[in-house]
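S.K.:
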Amino acid sequence: MAFKVGTPKPLDEISAQDVQTHPIWLWVWEAGLEGEADDETWQCPVLDTSDVSEAMTEPVITLMVKGSNIIGSASYHSQSDQLEAISIWEGDTWIGVQETTLPTPISFVAVPTIRGMANVEFVCTEPGDDCASRAG
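Add 3 to the 1-based position in the sequence shown for our numbering, that's all there is to it.
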């Protein structure tokens, strides 16, 4: 793998501060660190880049709700240019986008660059579908 990654963490221990510090996370199976995790839900921060590249299979990226300080996180699928499994940091925990009371459509802005492009936007029109498509 071409990326330097940090120590794996269980999904439920990754905080808003963690994703702000490291805007790209990889699943342990993608990082080749399955032996360092209790199960496949653990993730590792990418330490040496803040650009999502085609070499990343299913990175989990940090998002901001457009026009706010609300932090989100989601799996980015480059093949479909969509976000899935979207979570929003509320209080001191992650909640699924389907649980949010944010008005729709919800516009997200990617914190990392995606293939060199900054401020890539995604729109979630139906939170119950738990996905967002690239805007534009």
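The beta-carbon is built from N, C-alpha and C at its ideal position, and this holds for glycine as well.
#1: Quick check on T1: does DSSP put it in helix, strand or coil?
#2: Let me know the secondary structure DSSP gives V123 once reduced to three states.
#3: Under the rule that 16 or more other beta-carbon atoms within 10 Å means buried, what is G131, buried or exposed?
#4: Please go through the same chain and pick out, in chain order, the residues whose beta-carbon is closer than 7 Å to the beta-carbon of D51, but skip the five residues on each side of it.
#5: Pick from L14, V112 and G139: whose alpha carbon is nearest that of G70?
#6: Can you check which of these residues, V49, T128 and W30, is closest to E43 by C-alpha distance?
#7: Just checking my contact of I89 with C47 at CB under 8 Å: how many whole Å lie between their CB atoms?
#8: Expressed to the nearest angstrom, what Euclidean distance is found between the alpha-carbon atoms of A40 and L14?
#9: Quick check for students: name the residue ranges of the beta strand (DSSP E) that lie wholly in the segment 72-116, counting only runs of 3 or more.
M.R.: According to the data block:
#1: Limits of the chain in this structure are 4 at one end and 139 at the other, which puts residue 1 out of reach.
#2: To locate residue 123, count along the sequence shown from 1; it is residue 120. In the structure shown, V123 sits in coil (DSSP, three-state: anything other than H, G, I, E or B).
#3: In the sequence shown, the residue the question calls residue 131 occupies position 128. So G131 ends up on the exposed side.
#4: The residue given as residue 51 occupies position 48 in the sequence shown. Same-chain partners within the cutoff: F6 and K7.
#5: Along the sequence shown, one-based indexing puts residue 70 at 67. Answer by Cα proximity: V112.
#6: Locating residue 43 in the sequence shown gives position 40, counting from the first residue. Ranked by how close their Cα comes to the Cα of E43, the residues V49, T128 and W30 have W30 in first place.
#7: Residue 89 sits at position 86 when you count from the first residue of the sequence shown. Residue 47 sits at position 44 when you count from the first residue of the sequence shown. With 8 Å as the limit, I89 and C47 do not qualify as a contact, their Cβ atoms being about 20 Å apart.
#8: Here residue 40 refers to the residue found at position 37 when the sequence shown is read from its first residue. Here residue 14 refers to the residue found at position 11 when the sequence shown is read from its first residue. Going from the Cα of A40 to the Cα of L14 covers about 11 Å.
#9: Within the segment 72-116, the runs of beta strand (DSSP E) that reach at least 3 residues and sit entirely inside it are, in chain order, 74-80, 85-93, 96-99 and 109-113.
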